[in-house]
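**Q** Below you will find the structure I want to go over with you.
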Amino acid sequence: MTAARFYPGWYAVVLAFLVQFLASGPIYYGFSVFSGVFDREFQASRTAIALILTLVTLFSGFAGIPIGWLLRRVSVRTVMLTGAVGQVAGLTIVSQAADFMTVLIGYGLVAGLADALLSVQLTNILIVHWFERRRGLAMGIAVTSTSFASIVYPPLLMFLIDTIGWRATFLVSAASLAALTPFIAWKARFPGEVPEAERLTPSPAPASPAQTSMKGEAAPARPPERVYRSADFWIVTLAVGAIFSANLAIISAAIPYAVAQGLSAYAAAGLLSLQGGVALLAKVGFGFVADKVRLDFALAAASAIGAASMALWLIGGSAPMLIGAAVCFGVCLGGALPLFGVILARRFGLGDYAMVVGASRTAQAPMMLGMPMLAGLLFDATGTWRPTFLLLLLGLLAIAALSLRARFAGPRS
1 MTAARFYPGW
11 YAVVLAFLVQ
21 FLASGPIYYG
31 FSVFSGVFDR
41 EFQASRTAIA
51 LILTLVTLFS
61 GFAGIPIGWL
71 LRRVSVRTVM
81 LTGAVGQVAG
91 LTIVSQAADF
101 MTVLIGYGLV
111 AGLADALLSV
121 QLTNILIVHW
131 FERRRGLAMG
141 IAVTSTSFAS
151 IVYPPLLMFL
161 IDTIGWRATF
171 LVSAASLAAL
181 TPFIAWKARF
191 PGEVPEAERL
201 TPSPAPASPA
211 QTSMKGEAAP
221 ARPPERVYRS
231 ADFWIVTLAV
241 GAIFSANLAI
251 ISAAIPYAVA
261 QGLSAYAAAG
271 LLSLQGGVAL
281 LAKVGFGFVA
291 DKVRLDFALA
301 AASAIGAASM
311 ALWLIGGSAP
321 MLIGAAVCFG
331 VCLGGALPLF
341 GVILARRFGL
351 GDYAMVVGAS
361 RTAQAPMMLG
371 MPMLAGLLFD
381 ATGTWRPTFL
391 LLLLGLLAIA
401 ALSLRARFAG
411 PRS
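What follows is the structure in structure tokens.
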């Protein structure tokens, strides 16, 4: 009896995990911590500070289709290495900033543009070409990285800022990502073909251009018209875009809102860590069930739980309410991330997957782009984050109802 051979696709999962952890940690989950630093150091308004996250979101969203086009012409390794080097440069620029404009350029422009080259679009594309039978599970495991980042980074960054200062903290974040570049150079690649044991059907399927070389092939500059005519494409795009937008609002508002409700700064940061811990479990759970259940029900459930979270944030007033809000949104966000990749792969296949994911992220961009700025403007106008939570509550309820109208492909189609 011989031991089962280790499947090399799991290297892609480990790489996706580490890239997302080290890239999203300081850029997204450190933002709420750094926003207080920028306020004290440069006396910037909340609207101006929110512009940083708006720029990051702008590049992450609208780079989707160009990245899909780029992956037809250069290797995924080249794209990811470029993103890593760019983000290291951006974080280093912020560490040396003498004014808020330099912070905006380094954080929002340089690191934001580079982050698009390390986004979930890239890691999803990598994983879907290594896995078929266990695609949902592999994606669920990989995207737990952002949950770990949301658990680890807020308290870690606060500790580092108190211990070595905010400038050195940015340098530590840059060095951590720089240390990952050899692993990216080693394992960021697509397989020649998916092994028989990992296929959904025993008969070999023809490899897509993305599975063979993903570069140097004649390929469309945008997804086929059938994608844009599909109601399912727009439903999953709106649903996941609304959930990601809500996450950006929470990243911007959670710590200052919780502190205003009477929590200490460390306890407020702990809410983001709690949310990340719950999302971690939800990602694995939803990733597992995505291989077995109706995806329209799963997406509707995630959206409805997100709406419950916004209701608890809106009520606020006590630590138990805020804890409940963090737990519920952790489930919602944890569900959305693996469902997004699995639904698009099943519904539209792998041949155009890079372009379809890019088109979806581009269509989500206006929501994600506007949310940090809108939340900042509403706060500056009213002095409270509650209008933002109310808006998101109504939006997520509508998305939950809309998701039930989808007819996503079944688990084995």
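So the sequence shown is numbered by UniProt numbering: it starts at 1 and just counts up by one.
Heads up, the beta-carbon is just placed ideally off N, CA and C, and yes, glycines get one too.
Keep in mind it's a predicted model, so treat the numbers as computed, not measured.
Examine the Cβ distances between the stretch 279-293 and the stretch 129-147 and report whether three or more of them are shorter than 8 Å.
**A** Result yes; three or more Cβ-Cβ pairs closer than 8 Å.
**Q** Buried or exposed: residue 385, going by 16 or more other Cβ atoms within 10 Å of its Cβ?
**A** buried
**Q** For the putative contact between residue 303 and residue 325, defined by C-beta atoms under 8 Å, what is the C-beta separation to the nearest angstrom?
**A** Incorrect: roughly 16 Å between the Cβ atoms, too far for contact.
**Q** In whole angstroms, give me the CA-to-CA distance for residue 134 and residue 58.
**A** Rounded to whole angstroms, residue 134 and residue 58 show a C-alpha spacing of 32 Å.
**Q** Use the C-beta contact count for residue 80: other C-beta atoms within 10 angstroms, 16 or more gives buried, fewer gives exposed.
**A** buried
**Q** Assign residue 153 to buried or exposed, taking buried as 16 or more other Cβ atoms, counted over all protein chains shown, within 10 Å of its Cβ.
**A** buried
**Q** For the ligand PLP, I want to know if residue 381 counts as a neighbour, meaning its beta carbon is within less than 6 Å of at least one of the ligand's heavy atoms.
**A** As for the ligand PLP, it is missing from this structure, which has no ligand bound.
**Q** In angstroms with no decimal places, state the Cα-to-Cα distance between residue 406 and residue 232.
**A** In a straight line, the C-alpha of residue 406 is about 6 Å away from that of residue 232.
**Q** Residue ranges of each beta strand (DSSP E) run of no fewer than 3 residues wholly in the stretch 145-204, ordered along the chain?
**A** Here no run is fully enclosed.
**Q** Using 8 Å as the cut-off, can you tell me whether the stretch 67-86 makes contact with the stretch 3-14, which would need three or more C-beta pairs spanning the two stretches below that distance?
**A** no
**Q** Tell me where the alpha helix (DSSP H) around residue 228 begins and ends.
**A** 225-228
**Q** Quick one: grab the DSSP three-state call for residue 18.
**A** Residue state for residue 18 is assigned as helix, using DSSP reduced to three classes.
**Q** Quick one: what's got a C-beta closer than 6 Å to residue 356's C-beta in the same chain, skipping five residues either side?
**A** 223, 227, 344, 348
**Q** Do residue 60 and residue 116 have their C-beta atoms within less than 7 Å of each other?
**A** Against a cut-off of 7 Å, the Cβ pair of residue 116 and residue 60 comes out as a contact.
**Q** Run through DSSP, which three-state label would residue 407 get?
**A** Residue 407 falls in the coil class under three-state DSSP.
**Q** State the CB to CB distance for the pair residue 387 and residue 378, rounded to an integer number of angstroms; the pair is presumed to be in contact (CB under 8 Å).
**A** Confirmed, about 5 Å.
**Q** So is residue 346 buried or exposed if we call it buried at 16+ other beta carbons inside 10 Å?
**A** buried
**Q** Assign residue 168 to one of two classes, buried (16 or more other C-beta atoms within 10 Å of its C-beta) or exposed (fewer than that).
**A** exposed
**Q** For the alpha helix (DSSP H) that residue 353 lies in, which residues bound it at each end?
**A** In this chain, the alpha helix (DSSP H) harbouring residue 353 covers 353-382.
**Q** Can you tell me whether residue 283 is buried or exposed? The criterion is at least 16 other CB atoms within 10 Å of its CB, across all chains shown.
**A** By the neighbour-count criterion, in which a residue is buried when 16 or more other Cβ atoms sit within 10 angstroms of its Cβ, residue 283 is buried.
**Q** At a cut of 8 Å, does the stretch 238-246 reach the stretch 15-23 through at least three beta carbon pairs?
**A** With a cut-off of 8 Å on Cβ pairs, the stretch 238-246 is not in contact with the stretch 15-23, counting fewer than three such pairs.
**Q** Alpha carbon to alpha carbon, how far is residue 215 from residue 354?
**A** Residue placement at residue 215 is flagged as unreliable, the pLDDT there being 46, under the threshold of 50; a coordinate-derived value is accordingly withheld.
**Q** Runs of 4 residues minimum, wholly inside the stretch 79-146: which ones carry the alpha helix (DSSP H) assignment?
**A** 100-103, 112-116, 120-128, 135-142
**Q** So residue 50 and residue 372 are supposed to be a Cβ contact under 8 Å. How far apart are they, rounded?
**A** 4 Å
**Q** Is it buried or exposed, residue 206, if we count other Cβ atoms within 10 angstroms and call 16 or more buried?
**A** With a pLDDT of 41 at residue 206, under the threshold of 50, the modelled position of that residue is not reliable, and no figure is offered here.
**Q** From residue 2 to residue 8, what does the alpha carbon distance come to, in whole angstroms?
**A** Caution is warranted here: a pLDDT of 48 is assigned to residue 2, below 50, making its placement in the model unreliable, and the coordinate value is therefore given only provisionally. Looking at the two C-alpha atoms, the distance is approximately 18 Å.
**Q** Three-state secondary structure (DSSP) at residue 264?
**A** coil
**Q** Rounded to a whole number of angstroms, what is the C-alpha to C-alpha distance between residue 403 and residue 365?
**A** Answer to the nearest angstrom: the Cα atoms are 19 Å apart.
**Q** Would you kindly check if the distance between the Cβ of residue 258 and the Cβ of residue 271 is under 7 Å?
**A** yes
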